[in-house]
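Report on one structure; see the data block that follows.
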Amino acid sequence: MRREQTTQPTTAGGDRSYEPGRWMRVVRTVLLVKLAYAAVVAFMVFEGEASFERETARAILRTWFPRGWQEEGRGRWERHFATWDAEHYLYLSAEGYNPEARSIAFYPLWPLLVRLTGALTGWNHVVVGLALANLFSAGAWCLFHRVTARRWGERVADVALATLVAFPGSLFFQFIYSESLFFLLLMVLWWGLERHRFGAAWVAAYLAPLARGVGVFGVVPLAWQAVFHMRGRWLPRWRWWREEQERVTAGGSGWGGKAWGLVLAPVLGWGTYLGLMQLWTGNAFAGVEAQKYWGVHAISHLWDLRGFWESLFDVQSWHEFHSSLLDRVGFLLLVYSLPVQWFMGRDLWAWTAMLGVVPALSGRFVSYIRFESCTFPLFVALSGFLCLFRRSWPAVVWVMLNLAVHLHLLWRFLNYRWAG
113 MRREQTTQPT TAGGDRSYEP GRWMRVVRTV LLVKLAYAAV VAFMVFEGEA SFERETARAI
173 LRTWFPRGWQ EEGRGRWERH FATWDAEHYL YLSAEGYNPE ARSIAFYPLW PLLVRLTGAL
233 TGWNHVVVGL ALANLFSAGA WCLFHRVTAR RWGERVADVA LATLVAFPGS LFFQFIYSES
293 LFFLLLMVLW WGLERHRFGA AWVAAYLAPL ARGVGVFGVV PLAWQAVFHM RGRWLPRWRW
353 WREEQERVTA GGSGWGGKAW GLVLAPVLGW GTYLGLMQLW TGNAFAGVEA QKYWGVHAIS
413 HLWDLRGFWE SLFDVQSWHE FHSSLLDRVG FLLLVYSLPV QWFMGRDLWA WTAMLGVVPA
473 LSGRFVSYIR FESCTFPLFV ALSGFLCLFR RSWPAVVWVM LNLAVHLHLL WRFLNYRWAG
């Protein structure tokens, strides 16, 4: 039987051919990447024992967790996967939301899934967390490739996925952090909007604020989509506006009137989060207030542009918790990608505002390289730019440079040094 193939007009990225039957090859490639990554991690764990920061691990446990939590320390291999935020998620999955614990600053969907899966399987929560993180991220990567390929073609999707996987901050997709779950929800939401699957999109938009606080800002891209689903003479008649409206309403699915209902989903998800915190701690805003222990993220930072500008140039280290050069380089890369995003699809700007701009403003670049790994328009734009070259070597060089930094941060993470 002849393989089905469709062809779309060419934009930045060249070939726009899309092959629906090719997705199994992408799945196999993603699984091979996961296996290779596991081998690298195993090598670093078993060969780098002398590099593990035992004193840092003990100090973190004494400072941030109630007395008695992991007082005897974790096992020989387990401790490499319970570093930094992973320990907080493991605490929440085991102990729940204690109003006196500082870990309640973290959002509940990820530790709840770890706890539920652990109860069903009887597995250690570290094993469960690693398994779920890799399962979710593998699914999210495949879905990212599929949606990108349908819109911009297979070549752009291949390069976009390669740049995403190699990106330094993407190391957290393999470990007990919420990035894998949050990115999967993002991809389901993006896929639902692109394919007009209202139910899937609504569920993903509702759950996103329960996985990460920035999920509530999903109202930005959803409002953008809702505006383009509206029909009326008051809409501006600019050429690009008409093109975008035609694109998002293509297919005649008939759910354009439901678009504004999607905007409410993140708000309802945030309301559910506040309700759960009220139930568990007696204070709906206990998690928000617990952010003060880190002294980093604050809603007021969103409109403190002067403070943001000053923090942009406050570089004191290559990559540490504060004043990291790598985090600021990642933000500047996002800024430089904006013209390409605009050319490839104006809706990408709305996603970037949610995923790339809000974390930079609210957190003053702390852990930004990690948060940026979920900013998928960046990788679409990078691919669109790299695919303008007729030869593949620019993309290969870019991926290799990112991979070198990625492996360095991976070594730091596994040995309880700051990675993001």
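Just so you know, we're using the numbering used here here: the sequence shown kicks off at 113 and counts up by one.
All C-beta atoms in this analysis are idealised placements derived from N, C-alpha and C, irrespective of residue type, glycine included.
As the structure is a prediction and not an experimental result, all values here were calculated from the model.
Nonlocal neighbours in the same chain, by C-beta distance under 6 Å from residue i, ignoring five residues either side
i      : result
Trp530 : Glu432 and Phe433
Val259 : Trp302, Trp303 and Glu306
Asp426 : Ser435
Ala465 : Val332
Pro223 : Tyr201, Leu204 and Ser205
Glu159 : none
Rounded straight-line distance, which links the Cα of residue j to that of residue i
i      : j      : result
Arg267 : Leu500 : 11 Å
Trp415 : Tyr528 : 34 Å
Trp350 : Arg524 : With a pLDDT of 47 at Trp350, under the threshold of 50, the predicted position of this residue should be treated as unreliable, though the coordinate-derived value follows. Those two C-alpha atoms are separated by around 50 Å.
Gln428 : Asp439 : 12 Å
Gly540 : Arg482 : An answer regarding residue 540 cannot be provided, because it is not within the stretch 113 to 532 covered by the chain.
Gln453 : Asp459 : 8 Å
Leu522 : Phe287 : 10 Å
Gly230 : Val271 : 36 Å
Ser205 : Arg502 : 49 Å
Asp197 : Lys146 : 22 Å
Phe340 : Leu334 : 10 Å
Glu422 : Thr393 : 36 Å
Ser412 : Gly475 : 10 Å
Ile172 : Tyr203 : 13 Å
Glu484 : Gly442 : 7 Å
Gly407 : Leu232 : 37 Å
Gly468 : Thr487 : 6 Å
N-terminal and C-terminal residue of the alpha helix (DSSP H) that residue i is part of
i      : result
Tyr203 : Asp197 to Glu207
Lys404 : Segment: none, Lys404 is in no alpha helix (DSSP H) and carries neither H nor E.
Asp439 : Leu437 to Met456
Ala154 : Trp135 to Glu159
Arg227 : Leu221 to Thr233
Leu526 : Trp505 to Leu526
Asn395 : Per DSSP, Asn395 belongs to no alpha helix (DSSP H) and is neither H nor E.
Tyr480 : Tyr480 to Phe483
Gly496 : Phe488 to Leu498
Gly419 : Leu417 to Leu424
His257 : His237 to Trp264
Met299 : Glu291 to Arg307
Ile172 : Arg166 to Trp176
Val470 : Val470 to Gly475
Top-ranked residue by Cα proximity to residue i, from the options
i      : options                           : result
Pro321 : Val400, Gln337, Ser282 and Leu255 : Val400
Val470 : Ala154, Val332, Pro451 and Arg502 : Val332
Gln182 : Trp189, Val152, Glu199 and Thr168 : Glu199
Gly281 : Leu273, Glu291 and Ala272         : Glu291
Glu190 : Phe497, His237, Arg170 and Gly373 : His237
Phe477 : Gln286, Ser205 and Leu437         : Leu437
Glu165 : Ala154, Phe193, Tyr149 and Arg179 : Phe193
Trp336 : Ala171, Leu224, Gly457 and Leu424 : Gly457
Glu207 : Ala410, Pro178 and Gly532         : Pro178
Gly532 : Phe285, Pro506, Leu424 and Leu376 : Phe285
Gly613 : Ala338, Gly387, Val508 and Arg262 : Given that the chain is displayed from residue 113 to residue 532, the structure contains no residue 613 and the question cannot be resolved.
Leu386 : Val138, Glu167, Leu221 and His520 : Leu221
Spatial neighbours of residue i in its chain, beta-carbon cut-off 7 Å, leaving aside the 5 residues before and after
i      : result
Leu380 : Tyr318
Arg324 : Tyr219, Ser290 and Phe294
Trp382 : Pro321 and Val328
Arg345 : Unreliable positioning characterises Arg345 in this predicted model, as indicated by a pLDDT of 36, which lies under 50. The coordinate reading is nonetheless provided below. Closer than 7 Å at Cβ, skipping near neighbours: no residue.
Ala169 : Arg191 and Tyr528
Gly364 : Bear in mind that the predicted position of Gly364 carries a pLDDT of just 45, short of 50, making it too unreliable to give a figure here.
Leu244 : Leu225, Val226 and Thr229
Pro348 : Because Pro348 carries a pLDDT of 47, less than 50, the predicted location of this residue cannot be relied on, and no value is offered for it.
Contact set for residue i: own chain, Cβ-Cβ below 8 Å, skip 5 residues either direction
i      : result
Leu296 : Phe248, Ser249, Gly251, Ala252 and Leu255
Val511 : Ala274, Thr275 and Ala278
Asn395 : Pro211, Met389 and Glu401
Three or more C-beta pairs below 8 Å linking the stretch 307–325 and the stretch 439–448: Flag = no, the stretch 307–325 and the stretch 439–448 do not touch.
May I ask you to verify whether the stretch 397–413 touches the stretch 207–225, counting CB pairs closer than 8 Å and requiring at least 3? yes
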